[in-house]
Amino acid sequence: MIKLSPKLMQKIAWGFTWAAGIISVLILVLIIGYVLAKGLPVISLEFLLTSPEGGLSGEGGIFSCIVATLWLIAITMAILIPLGIGAAIYLAEYAPDSKFTRLIRYSVDLLAGVPSIVFGLFGFAVFVMALHLSYSILAGALTLVCLLLPFLVRSAEEAIRTVPQEQREAALSLGATRWQTIVHVIMPAALPGIITGIILCVGGAVAESACLYVTMGGSAAMPTSLLSGGRTLAVHVFYLAMETNALDKALATGAVLIILIFIINLSTRWLSQRLQAKMSGGT
Amino acid sequence: MNPKIQTKELDFHYGKVQALKKVTLDIKEHQVTALIGPSGCGKSTFLRTLNRMNDVIPNARLEGAVFLDGLNIYAPEVDVVEVRKRVGMVFQQPNPFPKSIYENVIFGPRMLGLNHRTNLNDVVEKSLRASGLWDEVKDNLGKSGMALSGGQQQRLCIARALAIEPEIILMDEPCSSLDPISTLRIEELMQELKGKYTIVIVTHNMQQAARASDWTGFFLLGEMVEYGPTSEIFSRPKDKRTEDYITGRFG
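Quick look at the structure:
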């Protein structure tokens, strides 16, 4: 083996990490740039505000898909966030370190690794068929909750665990109950980490297609209630790309998806900053 | 002088490890009592039994009793919040909340249900004056407690503990991360505070115990070896182990 001098090795290592960094950023910029460059010109108010009308050339716009996607995110998060944070608080603050809690953690980790289509099949069997929800936004949302819950629980638990023990002791020593300590000291400190977890979940929900196709169906009609089926933006992209020759509209829908995720990220961060200031009290 | 706190045959176990062995001690009211001893001797564990701070440690076990004005604080009917209201604590590392100075001080009173703005303002001024921090921060109460220097942070933590009007203040090596000048300020503060409060301090620093305390207890391997007036412990220790420790032969 050729022996390299430490200085040369250092140069090679620097060059490699630099190239790796540039390439990862480049890939990201290329994909987003391509989708936006091809998609944005197609987007018009009409495209946004008319529903898909079918056909080989993908007539119409994406209005019902936007509505279905927003409904799906709202319902999913309304169920997911309280459940996920509640479970994380239990695991991090109350659960004793026993065989049982280790089993919970292990199964949560295991669930996080199961492919999403398997959750889709579960959702189809349980929510769509057994509970007679048929293809509906509610069935899709419940399936997404099952899919995303393990991830949210683990990331929120991690965020709660990183709050220094000294902060808990300070609060308890001042006569705060454990619950007061959680609400007034631990949650404000853990909030940024929890919000990051929630944002990744929203991203996951918006990006998911296969497991929603089997629980929400692919109807392009405007959803009228939680029990109507619907086609999300991601499913619509899939449909346009596979069943029509309207690649430009598929890319435009993709661009809308990217922008939607961007808006949701920004507003969630803004909300969390407001919330954190309020929970910490004072300036 | 009345004993404010009495411990009777106090045993404490972390799992299988015994950290305290039959500790019986009377702590006098309006005095500064210092607990000294080498690392791992049980002095901090003992201190934390006095406000039931060890309650949250999994697998820990306590036997014996701690009486506060004759009331056993480990009796089943006693509410731990009531105990901590009467026994405040200052920790080794200054641990202000990432909130404003004002919010730090009123945290305890607010958790205990005091919400009236004028009363809270009074509490803040009184507590910060008592901890000697008022003049340094009175124009900046909205500033984050984390932005203060180490010594100021520790005095903020003392003010925060005083705000719940405890009868006893426990200090767990409160100066171990502070510079000598800040340390001196805290020691002076202890002298001012002992008129109103009973103070128990754990310290690594024998000079500090000798300077700042009225009574000293020497701990070794979970046992309380010797306890008496500070001047006697440091000039005429009765136990050979105490003498060896204070003359620096070990520890």
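Chains as they are written, first to last, in the working numbering: chain A, 25 to 307; chain B, 369 to 619.
Note that the Cβ used here is the ideal one computed from N, Cα and C, for glycine as well.
Three or more beta-carbon pairs under 8 Å between the segment 573-592 of chain B and the segment 390-407 of chain B, yes or no?
yes
In terms of residue numbering, what span does the alpha helix (DSSP H) encompassing residue 613 of chain B cover?
608-614
Excluding the 5 residues preceding and the 5 following residue 86 of chain A in the sequence, name in chain order all residues of the same chain whose CB lies nearer than 7 Å to its CB.
71, 72, 76, 257, 260, 277, 280
Mind checking which residues open and close the alpha helix (DSSP H) that includes residue 431 of chain B?
Careful: residue 431 of chain B lies outside any alpha helix (DSSP H), inside the beta strand (DSSP E) at 428-436.
On the CB-based measure, 16 or more other CB atoms within 10 Å of its CB, does residue 177 of chain A come out buried or exposed?
buried
Output needed for residue 162 of chain A: all residues of its chain with C-beta closer than 8 Å, excluding positions within five of it in sequence on either side, in chain order.
99, 151, 250, 251
Which residue wins for smallest C-alpha separation from residue 153 of chain A, given the options A:240, A:191, A:74?
A:240
For the beta strand (DSSP E) that residue 567 of chain B lies in, which residues bound it at each end?
566-570
Using a Cβ cut-off of 8 Å, pull out every chain A residue sitting near residue 539 of chain B, in sequence order please.
The premise fails here: residue 539 of chain B is roughly 11 Å from chain A at the closest Cβ pair, so nothing lies under 8 Å.
Neighbourhood of residue 264 of chain A by C-beta, 8 Å cutoff - its chain only, sequence neighbours within 5 removed:
82, 270, 271, 273, 274, 277
Classify residue 606 of chain B: buried if its beta carbon has 16 or more other beta carbons within 10 angstroms, exposed otherwise.
exposed
Who pairs with residue 402 of chain B in a beta bridge, going by DSSP?
B:569, B:584
Taking 8 Å as the threshold (C-beta atoms), are residue 191 of chain A and residue 213 of chain A in contact?
yes
Does the beta-carbon distance from residue 108 of chain A to residue 173 of chain A come in below 8 Å?
yes
Any chance you could list the beta strand (DSSP E) runs of at least 3 consecutive residues sitting entirely within the segment 422-506 of chain B, in chain order?
428-436, 455-458
Residue ranges of each alpha helix (DSSP H) run of no fewer than 4 residues wholly in the segment 38-126 of chain A, ordered along the chain?
69-73, 87-113
Delimiting residues of the alpha helix (DSSP H) encompassing residue 228 of chain A
211-231
Could you check how far apart the C-beta atoms of residue 216 of chain A and residue 91 of chain A are, in whole angstroms? I think they sit under 8 Å.
Not a contact, Cβ separation roughly 31 Å.
For the segment 187-208 of chain A, list every residue whose C-beta sits within 9 Å of some C-beta in chain B, in sequence order.
188, 190, 191, 192, 193, 194, 195, 196, 197, 198, 199, 200, 201, 202, 204, 205, 208
Compare the C-beta of residue 120 of chain A against all C-beta atoms of chain B and say whether one is closer than 8 Å.
yes
Three or more beta-carbon pairs under 8 Å between the segment 175-189 of chain A and the segment 434-449 of chain B, yes or no?
no
According to a CB-to-CB cut-off of less than 8 Å, which residues of the segment 208-238 of chain A neighbour chain E?
The structure shown contains no chain E; the protein chains it does contain are A and B.
How many Å lie between residue 497 of chain B and residue 47 of chain A at the Cα?
59 Å
Using CA coordinates, which residue listed in A:143, A:116, A:134 is at the minimum distance from residue 238 of chain A?
A:143
Backbone CA spacing between residue 288 of chain A and residue 61 of chain A [nearest angstrom]
21 Å
Nearest to residue 556 of chain B (by Cα), restricted to the options B:539, B:580, B:538, B:544
B:580
Is residue 598 of chain B helix, strand or coil when you go by DSSP?
helix
Less than 8 Å separating the beta-carbons of residue 137 of chain A and residue 236 of chain A?
no
DSSP three-state call for residue 534 of chain B: helix, strand or coil?
coil
Against residue 475 of chain B, what residues of chain A qualify as contacts under a CB-to-CB distance less than 8 Å, listed in chain order?
195, 198, 200, 208
What separation, rounded to the nearest whole angstrom, lies between the Cα atoms of residue 211 of chain A and residue 198 of chain A?
18 Å
Going by DSSP, name the residue or residues bridged to residue 540 of chain B.
B:570
According to the neighbour-count rule (16 or more other Cβ atoms, all chains shown, within 10 Å of its Cβ), is residue 499 of chain B buried or exposed?
buried
May I ask you to report which of helix, strand or coil DSSP gives residue 138 of chain A?
coil
For chain A, is any of its Cβ atoms less than 8 Å away from the one on residue 459 of chain B?
yes
Just to make sure I have the definition right: I need the residues of chain A whose C-beta is within less than 9 Å of the C-beta of residue 532 of chain B. Which are they?
198, 199
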